[in-house]
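Here the structure is laid out as structure tokens; the discussion comes afterwards.
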Amino acid sequence: AQSVTQLGSHVSVSEGALVLLRCNYSSSVPPYLFWYVQYPNQGLQLLLKYTTGATLVKGINGFEAEFKKSETSFHLTKPSAHMSDAAEYFCAVCLSGGYQKVTFGIGTKLQVIP
Amino acid sequence: KAGVTQTPRYLIKTRGQQVTLSCSPISGHRSVSWYQQTPGQGLQFLFEYFSETQRNKGNFPGRFSGRQFSNSRSEMNVSTLELGDSALYLCASSFGQGSTDTIYFGEGSWLTVV
Chain A
1 AQSVTQLGSH VSVSEGALVL LRCNYSSSVP PYLFWYVQYP NQGLQLLLKY
51 TTGATLVKGI NGFEAEFKKS ETSFHLTKPS AHMSDAAEYF CAVCLSGGYQ
101 KVTFGIGTKL QVIP
Chain B
1001 KAGVTQTPRY LIKTRGQQVT LSCSPISGHR SVSWYQQTPG QGLQFLFEYF
1051 SETQRNKGNF PGRFSGRQFS NSRSEMNVST LELGDSALYL CASSFGQGST
1101 DTIYFGEGSW LTVV
């Protein structure tokens, strides 16, 4: 079975500051990892995903994440926060071969302070 | 191309009633999955359909059911509604060829049970 732990249900950063959202996973087989963003009253939008290959993954809106197998982590970062980044972020894991059964973390609400 | 479309967007039902939610996937996508999102439990996988067959199922009671039609459109049904079924129900679609597929989410159906 797989699981995802997101550390910090709420994170506040100043505009222009580094964004770091933490995600640790548990999986018995090599996982596929995702970060999604959800804006108020909207569905989820894929930010980036890791399947195989390069462990540093770049996504949309300047976000990136690094897969660290030794730490079972997939933290999301952005060098400089923008007001438009305020949203809820979900880390998710899907087992290779597990088709569409995705397990999501509880989510982290990002607040950007002007 | 058109995204994942869910109807209705908002609805209110009474305890004991049943509800049917509809999802039209992105054209060409054959996999449709459903998720329940609540503040306390986060995003939880309900089930996934591929080519009219249920391929994966989450840990929900039998009151939650779904189906997929030959045109890949999907419906989910919840019978004997309980207050705890109040949630955002998200539909997602993909080509369904494997875990590396990008899953696209609709904007969800907000269900309130009173």
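Residue numbers (our numbering), protein chains in the order written: chain A, 1 to 114; chain B, 1001 to 1114.
Note that the Cβ used here is the ideal one computed from N, Cα and C, for glycine as well.
Model, not experiment: these values are computed from the prediction.
### Task
Decide if the region 64-77 of chain A is in contact with the region 1012-1025 of chain B; the criterion is three or more beta carbon pairs, one per stretch, under 8 angstroms apart.
When Cβ pairs closer than 8 angstroms are counted between the two stretches, the region 64-77 of chain A is seen not to touch the region 1012-1025 of chain B, the count staying below three.
### Query
Does any C-beta atom of chain A lie closer than 8 angstroms to the C-beta of threonine 1102/B?
Chain A contact via Cβ: present.
### Residue span of the beta strand (DSSP E) that contains isoleucine 113/A, given as start and end
Element bounds for isoleucine 113/A: 108-113.
### Task
Verify the CB distance criterion: does glutamine 2/A have a CB-CB separation below 8 angstroms to chain B?
Using a CB distance cut-off of 8 angstroms, glutamine 2/A does not count as an interface residue toward chain B.
### Query
Since cysteine 94/A contacts cysteine 23/A with CB under 8 angstroms, what's their CB separation in whole angstroms?
Wrong, their Cβ atoms sit about 14 angstroms apart, outside the cutoff.
### Task
Kindly indicate if chain B contains any beta-carbon less than 8 angstroms away from that of valine 11/A.
At a cut-off of 8 angstroms between beta-carbon atoms, valine 11/A makes no contact with chain B.
### Task
Measure the C-alpha to C-alpha separation of arginine 1030/B and leucine 1043/B and round it to an integer number of angstroms.
Going by the C-alpha atoms only, they are around 22 angstroms apart.
### Task
Return the first residue and the last residue of the beta strand (DSSP E) that threonine 1007/B is part of.
Run containing threonine 1007/B: 1005-1007, per the beta strand (DSSP E) assignment.
### Message
So the candidates are Ser1051/B, Ala1087/B and Val1114/B; which of them puts its Cα closest to the Cα of glycine 1028/B?
### Response
Closest by alpha carbon: Ser1051/B.
### Message
Relative to the C-alpha of glycine 1096/B, which candidate in Val1113/B, Pro1039/B, Ser1033/B and Glu1075/B has its C-alpha closest?
### Response
When each option's Cα is compared against that of glycine 1096/B, the closest is Ser1033/B.
### Query
phenylalanine 1105/B bridges to which residues according to DSSP?
Looking at the DSSP output, phenylalanine 1105/B sits in a beta bridge with Ala1092/B.
### Task
Leaving aside the five residues before and after leucine 1083/B along the sequence, list all residues of the same chain whose C-beta is less than 6 angstroms from its C-beta, in chain order.
Within the same chain, and ignoring the five residues on either side of leucine 1083/B in sequence, the residues whose Cβ sits closer than 6 angstroms to its Cβ are Val1113.
### Task
Verify the CB distance criterion: does phenylalanine 1069/B have a CB-CB separation below 8 angstroms to chain A?
By this cut-off, phenylalanine 1069/B is not an interface position.
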